[in-house]
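Sequential numbering from 1 applies to the sequence shown in our numbering. Glycine included, each C-beta is placed from N, C-alpha and C at the ideal position. Notes follow once the structure below has been shown.
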Amino acid sequence: MIRVIVADDHPVVVIGVKTVLERHGDIKVVGEACNGSELIDRLDRLPCDVIITDFSMPGDAPDELSGEGGSEPRHADGLPLITLLATRYPQIPVIVLTMLNNVAVLRAIREKGMKGLAYKKSFATDLPNAVRAVKRGDTYVSPSLRERFHQREHSPETIAKELSPCEMEVLRLYGLAQLTVTQIAERLHRSIKTVSAQKRSGMKKLGILHDSAIGEYLEKLGFR
């Protein structure tokens with residue numbers, strides 16, 4: 001039996017994933033989480049063989065405290081969470097379940113050591129195969145995402161490839177999660193000066209002139 005823990009900030013996705021996986025007699029969902037903090041909690045308490053997690057779960061943030069005693073740290077989403085999983089649980093393969101179709105971001109995720117990339121729009125057919133593949137030590141990329149990796153890009157997305165992971169994360173949090181520079185600095189454990197510089201650098205590479213255009217531009221590039 002392959003034991004799986006699933007994390008997504010949309011309960012309907014978690015229910016759907018559990019339903020799809022448990023139709024197969026060799027897979028069992030042993031834990032569910034809706035943000036990075038809950039995922040880390042489940043992993044620390046529940047033995048599992050595979051992790052399935054969303055990339056963007058913006059409802060959670062680090063450096064905040066929860067619980068009456070104020071002693072339970074919260075964890076970020078995005079690349080910081082992916083990095084934490086790879087470092088803290090290197091023996092457990094991770095499948096990132098996402099709506100992302102931006103090749104630059106997907107490559108950054110793979111470079112962090114994630115074993116699987118599954119597209120949300122096709123998870124019903126992709127996930128059982130993905131779980132089995134990463135459990136036996138293979139990598140898995142959904143066919144639709146694999147096509148993206150092999151495409152020759154002649155669009156603004158080509159420019160987006162030049163963004164560093166840090167620049168991508170700052171622009172995503174600013175433009176899509178709508179955090180301020182100060183909030184991003186606190187969330188990513190960076191100085192305000194560093195975050196501001198990364199934001200400016202990323203905007204320059206993408207040719208974005210105004211802060212208000214960041215979110216719309218990233219959505220066109222496939223960021224979610």
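Query raised in the report: Which whole-angstrom value describes the C-beta separation of Leu-100 and Asp-8, a residue pair presumed to lie in contact below a C-beta threshold of 8 Å?
Result: The pair is not a contact, with the Cβ atoms about 13 Å apart (cut-off 8 Å).
Requested in this report: Pull up the DSSP beta-bridge partners for Val-141, would you.
Outcome: By DSSP's assignment, Val-141 forms a beta bridge with Leu-117.
Query raised in the report: Are there 16 or more other CB atoms within 10 angstroms of the CB of Asp-138, so buried, or fewer, so exposed?
Result: Residue environment analysis places Asp-138 among the exposed positions, since fewer than 16 neighbouring C-beta atoms fall within 10 angstroms of its C-beta.
Query - Of the listed residues Lys-112, Leu-106, Ala-213, nearest to Phe-149 (C-alpha basis) - result: If you compare the alpha carbons of Lys-112, Leu-106, Ala-213 with that of Phe-149, the shortest gap goes to Leu-106.
Query raised in the report: Looking only at its own chain, which residues have a Cβ that is under 6 Å from the Cβ of Glu-32, when we skip the five neighbours before and after it?
Result: Answer for Glu-32: Val-6, Val-14, listed in chain order.
Report task. Quick one: grab the DSSP three-state call for Gly-25. Result -> Three-state result, Gly-25: coil.
Query raised in the report: Helix, strand or coil: how does DSSP classify Ile-51 here?
Result: Ile-51: strand per DSSP, three-state reduction.
Query - Whether Asp-258 touches Ile-109 by CB criterion (8 Å) - result: One cannot answer for residue 258 here, as it falls past the ends of the chain, which runs 1 to 224.
Requested in this report: Quickly, what does DSSP pair Glu-32 with across the bridge? List them, please.
Outcome: BP columns for Glu-32 point to Val-6.
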